[in-house]
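Residue numbers (the working numbering): 1 to 431.
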C-alpha cells in the first residue's frame, strides 16, 4: 500500500517519534520515582520504625481494666448483715470501635434507662476508654451484652447494698461510685473494708473480650475485711420506731436516741430522725445524713439535773434521802430562778428534787458543790472530752472553764443551761 506524500516530506497519518518517546520516558520516570518512594517508605516503616509502630499497634489493643475488690460486710452484734456488696457489672466503651454511636446510645438507654444524649456524649470522644455505666445489676448487664454492640465491653464489679434500708443509716453511712466510704462507719473504717483493686492488662477486642494468643496479665483484687458492730439490729429497729412516733407526737423537727450498756459502754442503738435510705443517699434531705447523737451538741437542760445530784452524792455531801427546804424561787447573781411549774414552799428529799425536776433544788445542790466542784464533777463525767468511739465528726460539746463563768452561771449550769453536750456524752455520763 502506498502513502500519499505532501509538501514538506511528511507521510499522512504518521506521528513524530521524538515526542512519543519523550512522553514515555517521562511517564516511566514518574512511576520509577513513585515506586522508589514507596519502597523507601516501606523500608522506613518495616525496618527503622518497626518497633515503634508495633508498640503503638499493641497499645491500641491493650486495655487496662480495673478489677473491683469486694468490700467487706458490716454485721450487727448477732451476725446480721447491715451492709453488703453484691455482684454487678461495669459497662465501658472503646469509642473508636463504636460504629453507630447515636444508635448505640439509644440502645444503651433502652436497657439501662437514662438519657441517650448523655450516653452519646460519652461515646463521642477521642478517648480510648470511657465508662458508660457502673454498678449495673447483672440482669440488665446481660440484656445489654446480648445486643452485642460494637465497641461496648463489660467487666466485673460490685454494688454496695443496705438490706434494711434506713436502719442505722447515719451510723453505717454510705459509699460513693468508686466504693470508697463517704460517711459513717463506711468512712471511718474504709481502709479495712475497701480492699485493694486488681487489674487486667491484655489485648482485647472492642467488646472487651480477650484476643486468643494475645498478651494477657491479671492481678487479682484483695477483698476487704468484714467488721462487726455493737449495734443490735432488733434494738436499733425498735429505737427508730419509737423515736419516729415521739417526734410526730410532739410535732418536733428532729430527735435522737442512744441506747447503751452502762457497764461496758457498748452502743446497742444510735438513731436520729429524720433518716434516709443509704441505697439512695443522693436523695437524702437536709442534714438527715448527720449522726446527730454523736456529731451535734445542744443545751441539755433538765437532763443534767441527775448529774448534779450524782455529783453531791459522789462527793459525800448528801445522800438520796437528804432533806431540803425549798422556797418557790431562789436568787443567784442578781437573777431569780423559778420552777418550771409554779409551787409554794416545800420540803423535799434529794430524790424528790430529781423526780420533780426542781430548778430551785438543783441550784441549791450546785451552790453546795461550788463553781470548781461542779466543773470538776462534770469533767469527771466526761463532759469536757470526746467519748472516743472513732466516728467521723465526733463532737465533745462545751463546758466553759470557771474563769469564764458569770455570777449567775452557778445558778443555771447545774440544770443544763449555759453548756452543751452531745446525746452520746450525756448517755455516757448518766450510764
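Every residue, glycine too, gets a C-beta built ideally from N, C-alpha and C.
Task: Given 8 angstroms, three or more beta-carbon pairs between the stretch 323-340 and the stretch 409-423 - done: Yes, the stretch 323-340 touches the stretch 409-423.
Task: residue 250 versus residue 355: straight-line alpha-carbon distance, rounded - done: C-alpha of residue 250 to C-alpha of residue 355: approximately 22 angstroms in a straight line.
Open item on the list: For residue 288, report the span of its alpha helix (DSSP H) as first-last.
Closed with: For residue 288, no alpha helix (DSSP H) segment is defined, and its DSSP state is neither H nor E.
Open item on the list: Quick check: residue 311 and residue 350, are their CB atoms within less than 8 angstroms of each other?
Closed with: Not closer than 8 angstroms, so no.
Task: Buried versus exposed call for residue 228 [16 or more other C-beta atoms within 10 Å across all chains shown] - done: Residue 228 is exposed by the Cβ-count criterion.
Task: beta strand (DSSP E) runs wholly inside the stretch 108-188, at least 3 long, in chain order - done: Listed in chain order, the complete beta strand (DSSP E) runs (minimum 3 residues) inside the stretch 108-188 are 130-136, 152-161 and 181-183.
Task: Which of helix, strand or coil DSSP assigns to residue 419 - done: Coil, per DSSP.
Task: Collapsed DSSP secondary structure at residue 98 in the structure displayed - done: Looking at residue 98 - three-state DSSP - the assignment turns out to be coil, as it is neither helix nor strand.
- [ ] Please list, in chain order, all residues of the same chain as residue 239 whose beta carbon is under 7 angstroms from its beta carbon, the five residues on each side excluded.
- [x] 257, 259, 269 and 271, listed in sequence order.
Open item on the list: Using C-beta distances below 7 angstroms, list every residue in its chain close to residue 405, excluding the 5 sequence neighbours before and after it, in chain order.
Closed with: If we look at residue 405 and ignore the five residues flanking it on each side, its Cβ neighbours are 371.
Task: Inter-stretch contact (C-beta, 8 angstroms, three-pair minimum) for the stretch 394-401 and the stretch 311-329 - done: Touching, no, given that fewer than three Cβ pairs across the two stretches are closer than 8 angstroms.
Task: Proximity to residue 439 [Cα-Cα], best of 366, 426, 185 and 96 - done: Residue 439 lies beyond the range of the chain shown here (1 to 431); nothing can be said about it.
Open item on the list: Using a 10 Å radius around the Cβ and a threshold of 16 neighbouring Cβ atoms, would you call residue 82 buried or exposed?
Closed with: By the 10 Å Cβ count, residue 82 comes out buried.
Open item on the list: Quick check on the DSSP output: the alpha helix (DSSP H) that includes residue 361 runs from which residue to which?
Closed with: DSSP places residue 361 inside the alpha helix (DSSP H), whose first and last residues are 359-380.
- [ ] Sort out for me which residues DSSP pairs residue 330 with in a bridge.
- [x] 337.
Task: Close-in-space but distant-in-sequence residues of the same chain around residue 200 (CB under 7 angstroms, 5 per side omitted) - done: Same-chain partners within the cutoff: 65, 67 and 218.
Task: Residue of 288, 266 and 301 minimising C-alpha distance to residue 387 - done: Distances from the alpha-carbon of residue 387 to those of 288, 266 and 301 put 266 closest.
- [ ] Report the rounded CA-to-CA distance for residue 85 versus residue 294, giving the unit in angstroms.
- [x] Taking the Cα positions, residue 85 is about 26 angstroms away from residue 294.
TODO: Taking residue 144 as the reference, give the member of 380, 90 and 33 with the closest Cα.
DONE: The closest CA to that of residue 144, considering only 380, 90 and 33, is found on 90.
Task: Span separating the alpha-carbon of residue 255 from that of residue 292 - done: Near 9 angstroms, if we compare the C-alpha coordinates of residue 292 and residue 255.
- [ ] Measure the C-alpha to C-alpha separation of residue 184 and residue 429 and round it to an integer number of angstroms.
- [x] Each residue's alpha carbon lies about 23 angstroms from the other.
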